[in-house]
Amino acid sequence: MRLRITSEHIKGDIIKRVEDLSGQSLLECYQCGKCSAGCPVVNEMDVIPSEVIRLLQLGQADEALDSKTIWICASCLQCASKCPKGVEFSSICDALRQIVLRKRLSTPRMDADEVSAIMVSDAPQMGVVGALRKLNG
Amino acid sequence: MEERIGVFVCHCGSNIAGVVDVKRVAEELGKYPGVAHSTDYTYMCSDPGQNLVKDAIKEHNLTGVIVAACSPTLHEATFRRAGRVAGVNPYQVEIANIREHCSWVHQGEKEAATEKAIKIIKTMVEKARLDEALDPISVPMTHKALVVGAGIAGIQAALDIANAGHEVVLVEKSPSVGGHMAQLSETFPTLDCSQCIMTPKMVEVSQHPRINLMTYSEIDDVAGFVGNFKVKIRKKAAYVDRDACTGCGVCVEKCPVKTESEFDEGLAMRKAIYTPFPQAVPNKPVLDPEHCTYFLKDGKCGICQKVCPVGCVDYEQKDEIIEEEVGAIVVATGYDLYPIENMGEYGGGKYADVITGLQFERMLSASGPTEGEVRRPSDGKEPKEIVFLTCCGSRDPEAHMPYCSKVCCMYLTKHAMLYKHKVHDGQAYVFYMDVRTAGKGYEEFYTRAAEEDDVLYIRGKVSKIYEEDGKVMVWGVDTLTGKKVEIAADMAVLGLATVPNVAAKKLANKLKIHTDEWGFLAEAHPKLRPVESLAPGFYLAGAAQGPKDIPEAVAQASGAASKVAHLFAEEEYHREPIIAWIDEDTCAGCRVCISVCPYDAAEFDEENGIAKIQEAICEGCGACIAACPSASAQQRNLTDEQVYKMVSAALEG
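So the protein sequences, as listed, match chains A and B.
Quick note: to get the working numbering, add 14 to the position in the first sequence (first position is 1).
Quick note: to get the working numbering, add 2 to the position in the second sequence (first position is 1).
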């Protein structure tokens with residue numbers, strides 16, 4: 015089947031949500047594949063990390079959300095430390111997991127934008143993510 | 003005088019000495035007739051090595067020198083200089099190549115290699131024994147240059163040569179200078195307006211006291227040789243006395259005929275009498291007889307002549323041939339786009355909304371047909387989704403051109419960016435195979451397009467474009483995910499291959515300069531002589547030599563200009579004397595030499611009934627010498643006698 019690409023898709027709500035939650039700009043990724051090459055659990059993934067980002071760039075959020083990859087990712091940050099463009103795939107993966115846990119609701123019960131600056135700077139990153147999961151899952 | 007030849011065997015570190023027994027070679031040659039001195043040294047090309055040669059020349063009163071070392075293409079000049087300094091004529095200094103021709107190719111056969119080295123050197127001793135003392139040939143030179151083509155490369159070359167103090171004739175076939183650069187909207191990677199940076203140079207070139215600008219003119223014929231070209235320039239009939247014309251524009255305004263504007267790439271109309279664009283230099287019209295009613299309908303119309311306040315429209319004007327003498331020729335004939343009609347699978351030439359990169363440039367240009375607004379050619383609507391296609395006809399050895407056109411990645415990126423600046427809610431897509439951004443600031447520019455202007459780059463070549471429901475449907479693939487994709491776009495812009503223009507190909511034939519198989523001008527050496535043609539006196543600038551962006555074209559033009567200034571730095575032109583000569587006593591006047599000479603250097607002396615070689619033109623290729631049935635054609639310092647002796651030495655023992 016031929017995939018129809020439109021500006022509605024590539025600027026879709028869920029794509030924007032991924033960028034908001036992860037704090038990452040998807041178009042900064044230039045698809046070098048270094049994240050996938052360095053990922054210690056890539057062999058267990060059904061879609062490699064760089065391809066997950068590519069699907070999001072093309073506006074194909076469902077395929078990214080349905081992948082096993084986002085549950086295999088152990089958030090070891092190897093990808094983030096290797097990325098030449100400073101894109102953190104691990105954060106994108108966190109965002110995708112959250113969206114799935116929230117049953118793909120477009121309006122979350124606790125919005126990431128409402129998390130205070132103090133909480134972000136003082137609490138560990140995974141703690142903040144955990145709080146969001148707990149309140150939205 | 004008895005020849006006293008010195009032989010100097012170089013070790014070249016272990017390059018030669020690791021294989022060839024250099025001591026034995028020097029010893030053997032010391033016994034050879036005519037050799038007065040023979041020795042060896044680690045690096046003969048080093049300062050001590052050269053001094054060894056110079057000192058030996060003086061000490062042993064040598065009349066000739068053989069340096070047995072590497073290829074003469076490397077150090078012949080070095081040792082000829084050394085010889086001259088020490089008192090031996092440079093043309094009696096010879097190189098025996100015992101490296102490339104011996105040690106490097108016989109590494110496992112030391113004994114045989116040593117024997118071969120001895121023979122190679124002996125043949126050169128035989129040659130040197132009969133070498134004459136020669137002087138470089140001096141030819142008078144016209145210190146004036148011809149520059150063909152007045153795009154950015156030709157303009158830059160003309161300005162640089164003129165500013166170096168030499169007269170320049172600048173010939174441009176279209177009615178105005180400026181070339182393709184004048185058509186561009188903004189330039190990557192700085193987005194400065196093309197015309198804003200171009201027009202000052204256009205004005206300067208037209209007002210420079212040492213530049214004779216001839217627009218609407220073409221090269222008819224070129225004869226002669228470096229330093230002494232005779233050029234016939236055809237000043238095409240403009241049917242307007244462009245000297246008397248004030249450029250008031252009334253004729254253009256009143257002309258009732260409209261036809262497609264070449265400058266606007268067919269997106270707008272021009273009159274039959276026209277100036278191509280508002281900033282044209284000179285800003286004076288020409289009349290196009292192929293569309294003018296007066297010419298098509300036997301003298302009917304004539305409005306332009308009636309309204310011209312200075313009476314300078316002249317329907318009887320004829321082409322004029324102007325002769326110029328020049329010493330050097332810079333060819334800057336530029337490029338064209340590969341015909342869009344050749345891209346059948348993209349509907350090129352068939353769908354109004356599938357356009358060329360240059361058409362999109364005109365559309366983006368503030369002085370263009372849409373005054374800078376992006377509009378679909380079919381219905382004038384603002385396109386909300388545009389697809390840009392790189393490599394249209396490039397990197398396609400099967401159906402189109404095999405080479406990379408170099409500028410398309412960057413200009414399509416610029417297009418996508420400028421489109422987004424004009425249509426904020428629009429979406430640009432670029433299909434690419436590789437995004438090639440090899441230039442200062444180019445990668446950053448591309449990154450900006452992707453990150454700040456949300457241009458979506460899709461890796462894959464488009465397979466086809468078709469029209470459906472008022473959209474252009476683009477079928478491609480995203481090779482990064484392996485998914486087939488389609489985009490219902492409002493418009494598609496093709497990054498067509500860059501090709502040399504048709505007129506330039508014909509001109510290259512006329513000038514007898516080499517081109518590659520695609521018609522791009524061939525440089526003398528791809529790395530070390532990139533701005534010269536192999537034919538002496540011809541220099542290359544801009545995209546006529548290969549696809550180039552503006553900074554590269556300008557750099558090459560300045561390089562070509564500096565080569566011209568280098569040539570003109572001497573009063574006369576000096577060239578190698580290793581050329582052919584005719585023995586007047588034996589020449590029967592059969593003219594075979596004339597028929598085989600590729601440089602037109604051999605000519606017939608009617609008075610004496612024999613052939614003559616023009617020293618200034620002969621390249622010493624030897625074709626006439628091989629062809630002459632009476633052995634009257636001979637090469638200086640490579641006569642038949644020398645060759646026989648060299649062969650005998652090689653076969654001896």
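Even glycine gets a Cβ: it sits at the ideal position worked out from N, Cα and C.
Keep in mind the model is a prediction, meaning the values are calculated, not measured.
Any idea if V55(A) is buried or exposed, counting beta-carbon neighbours within 10 angstroms, 16 or more meaning buried?
It counts as exposed.
Does any residue of chain A bring its CB to less than 8 Å from the CB of Q1(B)?
Nothing about residue 1(B) can be read from this structure; chain B reaches only from 3 to 655.
Which of the residues in the stretch 83-112 of chain A, read from start to end, lie with their CB under 9 Å from any CB of chain B?
Listed in sequence order: K99.
Is the distance from the Cβ of P379(B) to the Cβ of D355(B) below 8 Å?
Yes, the pair counts as a contact, with Cβ atoms nearer than the cut-off.
Would you check if the distance between the CB atom of C257(B) and the CB atom of I275(B) is smaller than 8 Å?
Contact flag set, yes.
Looking at the C-beta of L79(A), does it have a partner C-beta in chain B at a distance below 8 Å?
Cβ-Cβ to chain B under 8 Å: no for L79(A).
Find the nearest neighbour of I103(B) within the set C394(B), G51(B), V21(B), judged by alpha-carbon distance.
The sequence as given places His at residue 103(B); Ile does not occur at that position. Ranking the options by Cα distance to H103(B), first place goes to V21(B).
Counting only C-beta atoms, is V487(B) closer than 8 Å to chain A at any point?
Interface residue, yes.
Could you tell me the boundaries of the beta strand (DSSP E) in which I357(B) lies?
Its beta strand (DSSP E) spans residues 356-358.
Let me know the beta strand (DSSP E) ranges lying completely inside the stretch 132-160 of chain B, each 3 residues or longer, listed in chain order.
List check, beta strand (DSSP E) in window: 139-142, 146-150.
Beta-carbon of L69(A) versus every beta-carbon of chain B: anything under 8 Å?
Taking Cβ atoms only, chain B reaches closer than 8 Å to L69(A), which makes this a yes.
Runs of 3 residues minimum, wholly inside the stretch 452-524 of chain B: which ones carry the beta strand (DSSP E) assignment?
Counting whole runs of 3 or more residues, the stretch 452-524 of chain B contains the beta strand (DSSP E) stretches 458-461, 466-470, 473-480, 485-491, 493-498, 500-502.
For D23(B), collect the residues of the same chain with a Cβ closer than 6 Å to its Cβ; drop the 5 residues on either side in sequence, then sort them by chain order.
Only T116 meet the Cβ criterion.
Could you give the first and the last residue of the continuous beta strand (DSSP E) run that contains D576(B)?
Sequence check: residue 576(B) is His here, not Asp. Run containing H576(B): 574-577, per the beta strand (DSSP E) assignment.
Straight-line CA distance for I324(B) to V173(B)?
Cα to Cα, I324(B) sits roughly 11 Å from V173(B).
Measure how close the beta-carbons of G497(B) and C589(B) come, nearest whole angstrom, since I'm counting them as under 8 Å.
The pair is not a contact, with the Cβ atoms about 59 Å apart (cut-off 8 Å).
So, L41(A) versus A494(B), is the Cβ gap smaller than 8 Å?
Going by C-beta atoms, L41(A) is not nearer than 8 Å to A494(B).
Tell me the start and end of each unbroken beta strand (DSSP E) in the stretch 251-300 of chain B that is at least 3 residues and wholly inside, in chain order.
Within the stretch 251-300 of chain B, the complete beta strand (DSSP E) runs of at least 3 residues are 260-262, 271-273.
Looking only at its own chain, which residues have a Cβ that is under 8 Å from the Cβ of K203(B), when we skip the five neighbours before and after it?
Excluding positions up to five away in sequence, the list reads I154, I157, Q158, L161.
Put H182(B) into one of helix, strand or coil per three-state DSSP.
Three-state result, H182(B): helix.
Put A582(B) into one of helix, strand or coil per three-state DSSP.
The answer is strand: DSSP assigns A582(B) an E or B state.
Give me the residue from C310(B), M648(B), G66(B) with the minimum Cα distance to E5(B).
Of C310(B), M648(B), G66(B), the residue nearest in Cα terms is G66(B).
May I have the straight-line CA-CA distance separating A28(B) from C620(B), to the nearest angstrom?
Between A28(B) and C620(B), the C-alpha separation is close to 37 Å.
In or out: R116(A) buried (at least 16 other Cβ within 10 Å) or exposed?
Burial call: buried.
Within 8 Å (strictly less), CB to CB, does E65(A) reach chain B?
Judged by the 8 Å Cβ criterion, E65(A) is in contact with chain B.
Using beta-carbon positions only, say whether R212(B) and A152(B) come within less than 8 Å of one another.
Going by C-beta atoms, R212(B) is not nearer than 8 Å to A152(B).
Check whether the stretch 363-375 of chain B touches the stretch 470-489 of chain B, taking contact to mean three or more Cβ pairs, one atom from each stretch, closer than 8 Å.
They do not touch, by the three-pair rule.
Figure out for me which residue from G346(B), A166(B), E363(B) has the closest Cα to the Cα of A418(B).
Checking every option, the nearest Cα to that of A418(B) belongs to E363(B).
At least one CB of chain A closer than 8 Å to the CB of T483(B): is that the case?
For T483(B), the answer is yes, since a Cβ of chain A falls inside 8 Å of its Cβ.
Please work out which residues of its chain come closer than 6 Å, Cβ to Cβ, to T415(B), disregarding the five sequence neighbours upstream and downstream, and give them in chain order.
So the list reads Y448, A451, once near-sequence residues are dropped.
Say whether chain A places a C-beta atom closer than 8 Å to the C-beta of E387(B).
Yes - at least one Cβ of chain A is within 8 Å of the one on E387(B).
Anything in chain B within Cβ reach of E42(A), meaning under 9 Å, just list it in chain order.
Here the neighbours are T449, A452, E453.
How long is the line joining the alpha carbons of P341(B) and V134(A), rounded to whole angstroms?
Roughly 58 Å between the two C-alpha positions.
Spatial neighbours of Y185(B) within its chain, please: C-beta separation below 7 Å, excluding the five flanking residues on both sides.
At residue 185(B) the sequence reads Gln, which differs from the Tyr that was named. F265, L360, E363, R364.
Where are the alpha helix (DSSP H) runs, 4 residues long or more, that stay fully inside the stretch 15-77 of chain A, in chain order?
Counting whole runs of 4 or more residues, the stretch 15-77 of chain A contains the alpha helix (DSSP H) stretches 21-24, 27-36, 48-52, 63-71.
For E384(B) and Y421(B), what's the separation of their Cα atoms in angstroms?
The alpha-carbon atoms of E384(B) and Y421(B) are separated by roughly 10 Å.
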